[in-house]
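The structure appears right after this line, and notes come after that.
Residue numbers (the working numbering): 75 to 176.
Okay, structure coming up:
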């Protein structure tokens, strides 16, 4: 779901899918800042999904500073591009992991 796409776009296919991708930046290029309003979208999707076996994946602006809020909102899969590849991979991945459980 792009930032401007309402969650109702997936409402009628919830029994047919196993993953919802929430874009937390406007698609097009890497390195963009996380759009904080997407946290509410993630929370609402988590409630809508209920006990269905559907992953909520978040892509865009995920980094050590945003990961905790993303996970707390209900995401269980994240994509971190610039936050990983903008330096030492191992250190960056560990910082994201640490942020997720802090």
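We treat Cβ as the ideally placed atom computed from N, Cα and C, and that holds for glycine.
- Beta-bridge annotation (DSSP): residue 129 is paired with 93.
- One thing to note: residue 170 has its Cβ no nearer than 7 Å to the Cβ of residue 130.
- Residue 152 carries a strand assignment under DSSP once its states are collapsed to helix, strand and coil.
- Setting aside the 5 residues that flank it on each side, residue 155 is surrounded in the same chain by 104, each with a C-beta closer than 7 Å to its C-beta; the list follows chain order.
- Under a 10 Å Cβ-count criterion, residue 111 is classified as exposed, with fewer than 16 other Cβ atoms of the shown protein chains found around its own Cβ.
- Considering only 95, 121, 117, the residue with the shortest C-alpha distance to residue 151 is 95.
- Where residue 168 is concerned, the enclosing alpha helix (DSSP H) starts and stops at 163–175.
- DSSP, reduced to helix, strand and coil, places residue 99 outside both helices and strands of the structure shown, so it counts as coil.
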